[in-house]
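Last residue of the sequence shown: 224 in the working numbering, with the numbers rising by one and none dropped. Reviewing the structure listed below.
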Amino acid sequence: MMVSIIQSNYRGMGSGLMPDGLGFMLQDRGELFALTDGHPNVYAPGKRPFQTIIPGFATKGNDPWLSFGVMGGDMQPQGQAQIISNMVDFGLGVQEAGDSPRWHHEGGMEPTGEQLDVKGVLRLETGVPAKTQAALAALGWKLGASDGGFGGYQAIERWPGRYAAATEMRKDGVALAY
């Protein structure tokens, strides 16, 4: 059995509301939804508003392969794509895939409909070679300083008869498998 769960309160400490005696704070991840007709992120029947709570699960063929997630707002889909690419395209192991340097694109269109800088900023984590950085700048990318916003990763990988686990070097975490 494999499960992928993303814990997120949003905006630091969530809603600030804590049910008496339960020991946890309520989240406020619905903040980016809109209730205004015509808004791009309106909450309505049959619509899937933009949301970044996206625990990941991948299969190989019809078999479960990877239960994983990268926390961190808009870094989640970017980071999850990087993890899968690291494993599938570059043959990295479950821990190596998470330890590899990441990139984070900010800007462009926000889910709220707010128009930001059209091209945005590409932030590169320490470890991306200077030659790669120069090539990206030559292509017209606006490179920004690393701000530490590269997410938090955990994963369980299924192998025949056993499991492997990985956790994040960028934050607290624990990896357990058997």
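Glycine is no exception: its CB is placed at the ideal position from the N, C-alpha and C atoms. Treat the numbers as computed from the prediction; the structure is a model and nothing was measured.
Following the continuous beta strand (DSSP E) through residue i, name the residue where it begins and the one where it ends.
{"i": "methionine 117", "result": "109-117"}
{"i": "threonine 82", "result": "Note, threonine 82: premise wrong, no beta strand (DSSP E); not H, not E."}
Verify whether the separation of the beta carbon atoms of residue i and residue j is less than 8 Å.
{"i": "proline 123", "j": "arginine 204", "result": "no"}
{"i": "glycine 197", "j": "methionine 121", "result": "yes"}
{"i": "leucine 189", "j": "alanine 181", "result": "no"}
{"i": "glutamate 171", "j": "arginine 148", "result": "yes"}
{"i": "serine 192", "j": "arginine 169", "result": "yes"}
{"i": "serine 50", "j": "proline 86", "result": "no"}
{"i": "glycine 118", "j": "glycine 195", "result": "yes"}
{"i": "isoleucine 99", "j": "phenylalanine 114", "result": "no"}
{"i": "valine 167", "j": "glycine 153", "result": "yes"}
If you drop the 5 nearest sequence neighbours on each side, which residues of the same chain put their C-beta closer than 6 Å to that of residue i?
{"i": "glycine 219", "result": "Gln200 and Thr213"}
Per DSSP, which residues does residue i bridge with? Please list them.
{"i": "arginine 169", "result": "His150 and Gly190"}
{"i": "glutamate 203", "result": "Leu112 and Ala210"}
{"i": "phenylalanine 103", "result": "Ser113"}
{"i": "valine 49", "result": "Valine 49 is not bridged to any residue."}
{"i": "glycine 198", "result": "Met117"}
Ordered along the chain, which non-local residues of its own chain (more than five positions away) have a Cβ less than 8 Å from that of residue i?
{"i": "glycine 60", "result": "Met71, Leu72, Gln73 and Asp74"}
Looking at the secondary structure, which residues open and close the alpha helix (DSSP H) in which residue i lies?
{"i": "glutamine 124", "result": "121-134"}
{"i": "lysine 177", "result": "176-184"}
{"i": "aspartate 145", "result": "140-145"}
Apart from the five residues on each side of it in sequence, which residues of its chain come closer than 7 Å, Cβ to Cβ, to residue i?
{"i": "glycine 173", "result": "Pro147"}
May I ask you to verify whether the stretch 136-145 touches the stretch 208-219, counting CB pairs closer than 8 Å and requiring at least 3?
yes
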